[in-house]
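> Okay, handing you the structure first.
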Amino acid sequence: MAPFSTLPMKRDWFATPRSMLVFVHRSCARRRIYGMIFVKRVAGTKVYISVDIDVLDPAFAPATGTAEVGGWSTRELLSILDGLEGLEVVGADVVEVAPIYDNPGETTVLAAAEVALALIGLMVKKPVA
(Lines of atoms letter the chains of each structure in order from A; the text may use other names.)
(Lines give C-alpha, C1' and ligand atoms only; values in the text may rest on other atoms or scores of the structure.)
Protein backbone atom coordinates (compact mmCIF):
# COMPACT_ATOMS: atom_id res chain seq x y z
CA MET A 308 0.00 0.00 0.00
CA ALA A 309 1.24 3.47 -0.80
CA PRO A 310 1.14 5.98 2.03
CA PHE A 311 -1.18 8.96 1.72
CA SER A 312 1.47 11.40 2.88
CA THR A 313 4.33 12.39 0.62
CA LEU A 314 6.77 12.93 3.46
CA PRO A 315 9.89 10.76 2.84
CA MET A 316 10.08 9.73 6.51
CA LYS A 317 6.56 8.29 6.35
CA ARG A 318 7.22 6.57 3.02
CA ASP A 319 10.29 4.86 4.48
CA TRP A 320 8.38 3.73 7.57
CA PHE A 321 5.58 2.20 5.51
CA ALA A 322 8.10 0.49 3.20
CA THR A 323 9.65 -1.42 6.12
CA PRO A 324 8.12 -4.91 6.58
CA ARG A 325 6.15 -5.10 9.82
CA SER A 326 3.78 -7.57 11.42
CA MET A 327 0.82 -5.24 11.06
CA LEU A 328 -1.54 -4.01 8.40
CA VAL A 329 -1.79 -0.27 7.93
CA PHE A 330 -4.87 1.24 6.31
CA VAL A 331 -3.89 4.18 4.14
CA HIS A 332 -6.49 6.62 2.80
CA ARG A 333 -6.07 6.33 -0.98
CA SER A 334 -5.78 2.55 -0.89
CA CYS A 335 -9.14 2.11 0.83
CA ALA A 336 -11.62 2.79 -1.96
CA ARG A 337 -13.95 0.13 -0.57
CA ARG A 338 -13.27 0.59 3.12
CA ARG A 339 -15.47 -2.08 4.68
CA ILE A 340 -14.10 -4.72 2.30
CA TYR A 341 -10.53 -3.94 3.37
CA GLY A 342 -11.58 -4.46 6.98
CA MET A 343 -12.92 -7.90 6.10
CA ILE A 344 -9.67 -8.79 4.33
CA PHE A 345 -7.78 -7.79 7.48
CA VAL A 346 -10.02 -10.06 9.58
CA LYS A 347 -9.27 -12.99 7.28
CA ARG A 348 -5.54 -12.25 7.34
CA VAL A 349 -5.26 -12.27 11.14
CA ALA A 350 -8.06 -14.71 11.96
CA GLY A 351 -7.25 -16.84 14.98
CA THR A 352 -4.70 -14.43 16.45
CA LYS A 353 -5.09 -11.93 19.24
CA VAL A 354 -5.11 -8.35 17.95
CA TYR A 355 -4.37 -4.94 19.45
CA ILE A 356 -5.90 -2.01 17.53
CA SER A 357 -4.41 1.48 17.74
CA VAL A 358 -6.29 4.35 16.11
CA ASP A 359 -4.43 7.62 15.57
CA ILE A 360 -7.17 10.26 15.50
CA ASP A 361 -5.26 12.32 12.94
CA VAL A 362 -6.36 9.77 10.34
CA LEU A 363 -9.55 11.87 10.31
CA ASP A 364 -9.77 15.01 8.21
CA PRO A 365 -9.37 18.18 10.32
CA ALA A 366 -13.03 18.94 9.60
CA PHE A 367 -13.88 15.91 11.76
CA ALA A 368 -10.97 16.03 14.25
CA PRO A 369 -9.22 19.41 14.40
CA ALA A 370 -7.68 18.88 17.85
CA THR A 371 -4.67 16.74 17.07
CA GLY A 372 -0.96 17.42 16.98
CA THR A 373 -0.53 16.56 13.31
CA ALA A 374 -3.73 17.26 11.41
CA GLU A 375 -3.52 16.32 7.72
CA VAL A 376 -6.00 17.53 5.14
CA GLY A 377 -7.55 14.76 3.06
CA GLY A 378 -8.17 12.33 5.89
CA TRP A 379 -11.15 10.09 6.41
CA SER A 380 -14.53 11.16 7.67
CA THR A 381 -15.74 9.78 10.97
CA ARG A 382 -18.23 7.63 9.06
CA GLU A 383 -15.45 6.11 6.94
CA LEU A 384 -13.35 5.21 9.98
CA LEU A 385 -16.32 3.68 11.79
CA SER A 386 -17.14 1.65 8.66
CA ILE A 387 -13.62 0.22 8.67
CA LEU A 388 -13.96 -0.69 12.34
CA ASP A 389 -17.33 -2.35 11.62
CA GLY A 390 -15.56 -4.44 8.99
CA LEU A 391 -13.17 -5.77 11.63
CA GLU A 392 -15.92 -7.69 13.42
CA GLY A 393 -14.76 -11.18 14.30
CA LEU A 394 -11.26 -10.23 15.44
CA GLU A 395 -10.10 -11.34 18.87
CA VAL A 396 -9.30 -7.84 20.14
CA VAL A 397 -7.24 -7.94 23.35
CA GLY A 398 -6.82 -4.19 23.62
CA ALA A 399 -7.15 -0.90 21.81
CA ASP A 400 -6.34 2.78 22.08
CA VAL A 401 -7.18 6.09 20.46
CA VAL A 402 -4.17 8.43 20.37
CA GLU A 403 -3.20 11.96 19.33
CA VAL A 404 -6.30 13.63 20.81
CA ALA A 405 -5.47 17.12 22.11
CA PRO A 406 -8.64 18.41 23.83
CA ILE A 407 -7.06 21.78 24.60
CA TYR A 408 -7.05 22.52 20.83
CA ASP A 409 -10.64 21.38 20.26
CA ASN A 410 -13.41 23.73 19.22
CA PRO A 411 -16.37 24.62 21.49
CA GLY A 412 -18.39 21.76 19.98
CA GLU A 413 -15.68 19.29 21.07
CA THR A 414 -15.62 17.72 17.61
CA THR A 415 -12.43 15.72 18.15
CA VAL A 416 -13.34 14.50 21.62
CA LEU A 417 -16.73 13.31 20.38
CA ALA A 418 -15.15 11.57 17.38
CA ALA A 419 -12.58 9.88 19.65
CA ALA A 420 -15.35 8.75 22.02
CA GLU A 421 -17.31 7.28 19.11
CA VAL A 422 -14.20 5.43 17.89
CA ALA A 423 -13.50 4.13 21.41
CA LEU A 424 -17.09 2.91 21.66
CA ALA A 425 -16.71 1.06 18.34
CA LEU A 426 -13.48 -0.54 19.60
CA ILE A 427 -15.14 -1.66 22.82
CA GLY A 428 -17.99 -3.07 20.73
CA LEU A 429 -15.49 -5.18 18.80
CA MET A 430 -14.10 -6.54 22.08
CA VAL A 431 -17.57 -7.45 23.35
CA LYS A 432 -18.71 -9.12 20.12
CA LYS A 433 -15.90 -11.69 20.27
CA PRO A 434 -14.58 -12.12 23.81
CA VAL A 435 -10.99 -13.29 24.16
CA ALA A 436 -10.82 -16.96 25.07
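The opening residue of the sequence shown carries number 308 in this note's numbering; numbering runs sequentially from there.
We put the CB at the ideal spot given by N, CA and C, even for glycine.
Hey, ALA399 and THR371 are a contact pair by Cβ (cut 8 Å); roughly how many whole angstroms apart?
Counted from its first residue, the sequence shown places residue 399 at position 92. Counted from its first residue, the sequence shown places residue 371 at position 64. The Cβ separation is near 18 Å, so there is no contact.
> For the beta strand (DSSP E) containing GLU421, list its first residue and its last residue.
As a position in the sequence shown, residue 421 is number 114, starting the count at 1. Element bounds for GLU421: not the beta strand (DSSP E) but the alpha helix (DSSP H), 414-432.
> Have a look at VAL362 and ALA368 and give me their C-alpha separation to the nearest angstrom.
For the purposes of this step, residue 362 is taken as the residue at position 55 of the sequence shown. For the purposes of this step, residue 368 is taken as the residue at position 61 of the sequence shown. Between VAL362 and ALA368, the C-alpha separation is close to 9 Å.
> Given a cut-off of 7 Å on the beta-carbon distance, is the pair ASP359 and VAL402 in contact?
Numbered from its first residue, the sequence shown carries residue 359 at position 52. Numbered from its first residue, the sequence shown carries residue 402 at position 95. Against a cut-off of 7 Å, the Cβ pair of VAL402 and ASP359 comes out as a contact.
> What whole-angstrom Cβ distance do LEU384 and LYS433 have, given they're in contact under 8 Å?
Position 77 of the sequence shown holds residue 384. Position 126 of the sequence shown holds residue 433. Between LYS433 and LEU384 the Cβ distance is about 20 Å, and since that is not below 8 Å, they are no contact.
> In whole angstroms, what separates the C-alpha of ILE427 from that of LEU391?
Working through the sequence shown from its first residue, we reach residue 427 at position 120. Working through the sequence shown from its first residue, we reach residue 391 at position 84. Taking the straight line joining both Cα atoms gives about 12 Å.
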